[in-house]
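Student: FYI, in the numbering used here the residues of the sequence shown are 1 to 189.
Just so it is clear, CB atoms sit at the ideal spot from N, CA and C, and this is done for glycine as well.
Have a look at this one before I ask anything.
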Amino acid sequence: MRLCVVLLSFLALLGCTPRLLEDQAAANLIVRNVTVDTSAITGVAGRKMAYDVAPDQINADLTRALRARLRATPQGNGDVTVKITSVRLMSRMQEMMLGGASYVQGVITVTDVASGRQIVPPTKALSTSRRFRLGGPIGAAMAPTAADDYQQTIESFAQSVLVRLSPRHNVPVAADSPAVKAGRARLTP
1 MRLCVVLLSF
11 LALLGCTPRL
21 LEDQAAANLI
31 VRNVTVDTSA
41 ITGVAGRKMA
51 YDVAPDQINA
61 DLTRALRARL
71 RATPQGNGDV
81 TVKITSVRLM
91 SRMQEMMLGG
101 ASYVQGVITV
111 TDVASGRQIV
121 PPTKALSTSR
131 RFRLGGPIGA
141 AMAPTAADDY
151 QQTIESFAQS
161 VLVRLSPRHN
171 VPVAADSPAV
181 KAGRARLTP
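Set out below in structure tokens:
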């Protein structure tokens, strides 16, 4: 399991985040609402004894970060649901011995508001903190505080969801596209 997390950490750091929608569908998506479900977790794993965050607080932090990144608006045409299955911060022992990155794991679903049809079926997502840490005393000494690590990991997950629901940067998108208006796509020159 740890090897899988380390491998996925490297892939995430390299920007290999798979898209969940075809480019044109992503260009037309306007997020109306974001719902986060943290009922499957009991809090932060890893640094739990030194830094514990209740599921309600994780829910509030992720909801805020996702709504800000996805620019949710009441006039949207899609609802995003994220069921969180794990929030793990690197423990001091892991920092000293193994290195790696903290991560959030969950399942993303996007539903069309008008039809109730799932645009994106339940899809597993894992996003690591943007700060991969080397093992050993130097890695541990350079590690962020638990509070900073938590915040960076939450923001990284929100950014990962944004990327997964956005068209690729090199795809031509109309100037009046909802994705351009929401800031999820850029016009190509």
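So, helix, strand or coil for Pro74, using DSSP?
Tutor: Three-state DSSP puts Pro74 in coil, outside helix and strand.
Student: Going by C-alpha to C-alpha distance, which of Ile58, Ile41, Leu29 sits closest to Arg71?
Tutor: Comparing Cα-Cα distances from Arg71 to each of Ile58, Ile41, Leu29, the minimum goes to Leu29.
Student: When you compare only the Cα positions, how much space is there between Ile41 and Gly116?
Tutor: Rounded to the nearest angstrom, the two C-alpha atoms are 27 angstroms apart.
Student: Tell me which residues share the same chain as Arg168 and place their Cβ nearer than 8 angstroms to its Cβ, disregarding the 5 neighbours each side in the sequence.
Tutor: Contacts found: Arg19, Asp23.
Student: Tell me which same chain residues have a C-beta within less than 6 angstroms of the C-beta of Pro178, skipping the five on either side of it?
Tutor: Excluding sequence neighbours, Pro178 sits near Asn28, Ile30.
Student: In chain order, which beta strand (DSSP E) runs of at least 3 residues are fully inside the stretch 103–127?
Tutor: The qualifying runs are 103–112.
Student: Out of Asn33, Gly76, Gln151, state which residue places its alpha-carbon closest to the alpha-carbon of Asp52.
Tutor: For Asp52, the nearest C-alpha among the options comes from Gln151.
Student: Can you give me the start and stop residues for the alpha helix (DSSP H) that Arg164 sits inside?
Tutor: Where Arg164 is concerned, the enclosing alpha helix (DSSP H) stretches over 146–164.
Student: Between Asp176 and Asn59, what straight-line distance do the alpha-carbon atoms span, to the nearest angstrom?
Tutor: Their backbone Cα atoms lie some 33 angstroms apart in a straight line.
Student: Along the chain, where does the beta strand (DSSP E) containing Leu37 start, and where does it finish?
Tutor: In the sequence on display, residue 37 carries Asp and not Leu. Where Asp37 is concerned, the enclosing beta strand (DSSP E) stretches over 31–37.
Student: Going by DSSP in three states, Asp23 sits in which element: helix, strand or coil?
Tutor: Three-state DSSP puts Asp23 in a helix.
Student: Alpha carbon to alpha carbon, how far is Leu126 from Asp149?
Tutor: Rounded to the nearest angstrom, the two C-alpha atoms are 16 angstroms apart.
Student: Determine the burial state of Thr145: buried for a count of at least 16 other Cβ atoms within 10 Å of its Cβ, exposed for fewer.
Tutor: Exposed: under 16 other Cβ atoms inside 10 Å.
Student: Would you say Asn59 reaches chain C, if we count a Cβ-Cβ gap shorter than 9 angstroms as a contact?
Tutor: You won't find chain C in this structure, because it holds only one protein chain.
Student: Looking at the structure shown, is Thr81 part of a helix, part of a strand, or coil, going by DSSP?
Tutor: Strand.
Student: Could you check the C-alpha separation between Gly46 and Val120 for me, to the nearest Å?
Tutor: In a straight line, the C-alpha of Gly46 is about 31 angstroms away from that of Val120.
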